[in-house]
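Below you'll find the structure, written out as structure tokens, and then a few comments.
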Amino acid sequence: MKTATGSRTGKRARHKEKTKEKILQIALGLFRKKGFDHTTTKEISRRAGIAEGTLFNYFKTKDDIALYFFESETESVIGWFGSQKRLQDAPLEEKLFAIIQKQLDYLASYESFICSVLFRAFNPASKLSPMSVESQYLQSRYLRFISGIIEESVAKKEINSLGYFGPYMFWIFYMGILMHWAYDRSKNKESTLAFLDRGLKIAVSIANGRYSNGRL
Amino acid sequence: MAGYKANKSSLGRALDIGRMGAAVAGSYLGYLAQSAFLGTEARQEKLKTTNKKVGVYAREEMQTLKGPLMKIGQMLSMQSHALPEELIQELSRLQMQAPGMHPSLVRVQFKNSLGKDPEDVFLEFDPEPFAAASLGQVHRAVTYRGETAAVKIQYPGIRDAVEQDFEILKTLSLPARWSGHMTRKVLEELSTGILLETDYLNEARNIEYFQKNLAGLDFVRLPRVYGRYSTDKVLAMSFVSGRHLDQWLAQNPSQRERNRIGANLMELFHYQLLKMHAVHADPHLGNYLFDSDGTVGLVDFGCVKRLSPQYVRVFSRLFLFNESFDSDAYVQNLRDLYAASGSRPGRETIRIMREFSGLYQKMFPPDPAQEDRLVDFGSPDFLREIYEKSRRLAAHKGLLPELLFIMRAEGGLYNALHKLGAKIPSSRIVRKHLGR
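Residue numbers (the working numbering), protein chains in the order written: chain A, 5 to 220; chain B, 1170 to 1605.
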């Protein structure tokens, strides 16, 4: 039975989430129009109709907004994958392809923002750096998701065990794809699609021992 | 799948292509360096060995690189008259095959091209392909009108890869161009040809052209293009039923059925050549589908060779030529044929053409009184003779590219007729379309 306090807490949490989401959408709109670097927190708070101080209660910096965006993206793709019955039974290569492709689809509307963020990630002081505590927290959610998929394939004897590093190798591969995608000027990003597909073919073949001496 | 090298970055491919180019260039530079010291016979022998070595090396490397370079090799073998025969033999063994696409990649390619998911366009769409195509794969679908369709979907990035590969090849083929084994013109023609094949809308136009112009042959079945659902990367068309030749033969058809199919194939080829002046340029047996009613289905119109009406008019005079090959009339016909292409046949060319024409007389008896004579294409001696004489003719440098192309396309036809063991009145069939 919900207590009055419990339902108020729940309502507060939902309201907070809603505000966060509103701030995110406004920020993304401004990032798209003015670019990530040229957008200020003052502008974001003004557009959201809140004081800048209030904004900082939700997001201390723009980097935190970006991290929240990626957190939403990760949750979205995990939720989506869970609903794809056919994919659950697909070969590993296709599963991983579909996951990355879904992520790229999600990011497609925010391409210029993604390019800026990728660049910032090289700054060790930024929260977007893969080495930051905040990023690693987000990574761990994603890595657990991927780890589950890989372990299922190992159990089905699709591939040999990849140990601890398997999900990390996939994450590095995904980062490479993302970089390629961000700078890919081919029509419909076909060059990235081909790279993604063939890269996964090799990776899975290495993982199941079918690839040696440059041949499958 | 033996010998597959993934498509690394274009840098990786460039390094591979560079290595191959350097090795090929090295071979020819080596030949050029030595040839100054060799007598004519030794030089020719050395060249043959170099060509063979280069051919084997190029084929093996192209196979491991996969991708569009294989298409280049395949088309070099079909279209180039400037390449030595030994090289062509090796390269003609290449069969382009894009990597297979799983359902998720198919969906992405489809949606990128048409803006919708396959199930929003078709009542049914099979995510697993039923056939491979050189640049992609083919899926079965059912339209909302209940028609069975074949939907060809191209692998991503092929066009860009072809363009990149040709840029690299242009530079790396310089030694072969200096030695006269490959011209810039040949490369440019190849580039245009292959790039056209990467545009499925071009294939759609070819299908419509053949639909219109083959209407006179009631035994031919062609697909119908669904223009609304077709783009440069997705080609939707009606499904053409039938079995490939080997599967059809496995049903043990009667001699009568074999003869009927054989006659239809013979007529189809010569109708294209003599009436349409356009030939289905990839006479791969996989592009023909056979039914028990004697009809022939044609698929894959990515590559169509067009011939000028003037050329065909002059060329057709060589068909069913009923005089001596030593006659002035025969030599004049040859000269007219070459003049249509702005050149002139040398003495050796005339001699070789006479020899080949002699073989043609056996396949197509010119005497009208013998036009119903059945020619047995099942005879292995006959096929051997065709092969030997064709090989000698193809090796001759003075041969017109159009003649070479027709010869190669005919080779596919005779191969099919031999497999069928068909006995057909070949003269009567050809005479019908010569209008004599």
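Just so you know, even glycine gets a beta-carbon here, dropped at the ideal spot from N, CA and C.
The three-state reading of DSSP puts B:F1551 in helix, counting H, G and I together. For B:Y1313, there is no enclosing beta strand (DSSP E), as DSSP gives it neither H nor E. The shortest C-alpha to C-alpha distance from A:F40 to any of A:Y62, A:A125, A:M183, A:F174 is the one to A:A125.
Rounded to the nearest angstrom, the Cβ distance from B:P1268 to A:R90 is 21 Å, too far for a contact under 8 Å.
Around B:L1391, the same chain offers I1376, F1379, Q1380, L1383, V1409, G1466, L1467 as residues with beta carbons nearer than 8 Å, after the five sequence neighbours per side are excluded. Here A:V137 is exposed. Its C-beta has fewer than 16 other C-beta atoms within 10 Å. The beta carbon of B:E1540 sits closer than 8 Å to those of P1534, P1594, S1596, R1597, R1600, all from its chain and outside the five residues before and after it, given in chain order. Against chain B, the CB of A:D201 has a partner CB under 8 Å away; the residue lies at that interface. Under a 10 Å Cβ-count criterion, A:N164 is classified as exposed, with fewer than 16 other Cβ atoms of the shown protein chains found around its own Cβ. For B:G1511, there is no enclosing beta strand (DSSP E), as DSSP gives it neither H nor E. Under the three-state reduction of DSSP, B:Y1457 is assigned to strand. Annotation: Cβ neighbours of B:P1272 in chain A (cutoff 8 Å, chain order): R90, A94, E98. Here B:V1320 is near B:H1308, since their CB atoms are less than 8 Å apart. According to DSSP, B:A1447 shares a beta bridge with B:R1475. Closer than 7 Å at the C-beta level to chain A, one finds no residue of the stretch 1404-1427 of chain B. Between the C-alpha atoms of A:T44 and A:E115 there is a straight-line separation of about 19 Å. Interface with chain B (8 Å Cβ-Cβ cutoff): A:L111 is excluded. Take the alpha-carbon of B:L1528 and the one of A:K193: they are about 54 Å apart. Boundaries of the beta strand (DSSP E) harbouring B:L1404: 1403-1407, taken from the DSSP string. Within chain A, not a single residue places a beta-carbon under 7 Å from that of B:V1483; the smallest gap is close to 44 Å.
The residues E162, I163, N164, in chain order, have a CB closer than 7 Å to that of A:N212 in the same chain once the five nearest residues on each side in sequence are set aside. Listed along the chain, the chain B residues whose CB falls inside 7 Å of the CB of A:Q105 are S1273, V1277. Counted as a single uninterrupted DSSP element, the stretch harbouring B:F1299 is not any alpha helix (DSSP H) but the beta strand (DSSP E) occupying residues 1293-1302.
Under the 8 Å criterion on CB atoms, B:N1382 is classed as non-interfacial with respect to chain A. Contact annotation: B:A1302 and B:D1469 have beta-carbon atoms nearer than 8 Å.
For the stretch 1545-1577 of chain B, there are no residues whose beta carbon sits under 7 Å from a beta carbon of chain A. Counting other Cβ atoms within 10 Å of its Cβ, A:I176 stays below 16 and is therefore classed as exposed. By the neighbour-count definition (other C-beta atoms within 10 Å, threshold 16), B:L1404 is a buried residue. By DSSP's assignment, B:L1589 forms no beta bridge with any residue. Membership of B:G1466 in any alpha helix (DSSP H) is not indicated; the residue belongs instead to the beta strand (DSSP E) covering 1465-1467.
Here the stretch 1446-1465 of chain B makes contact with the stretch 1475-1492 of chain B; the two share three or more CB pairs at distances below 8 Å. Distance between A:K38 and A:A70, taken at the CA atoms: about 15 Å. For B:I1327, same chain residues with a beta-carbon under 7 Å away, outside a window of 5 residues either side, are P1237, A1267, L1304, T1367 in chain order.
A Cβ-Cβ distance of about 16 Å is found for the pair B:K1402 and B:S1273, leaving them out of contact under the 8 Å criterion. Approximately 21 Å separates the beta-carbon atoms of B:A1538 and B:N1428; this is outside 8 Å, ruling out the contact. Counting only the Cα atoms, B:T1464 lies some 23 Å from B:A1310.
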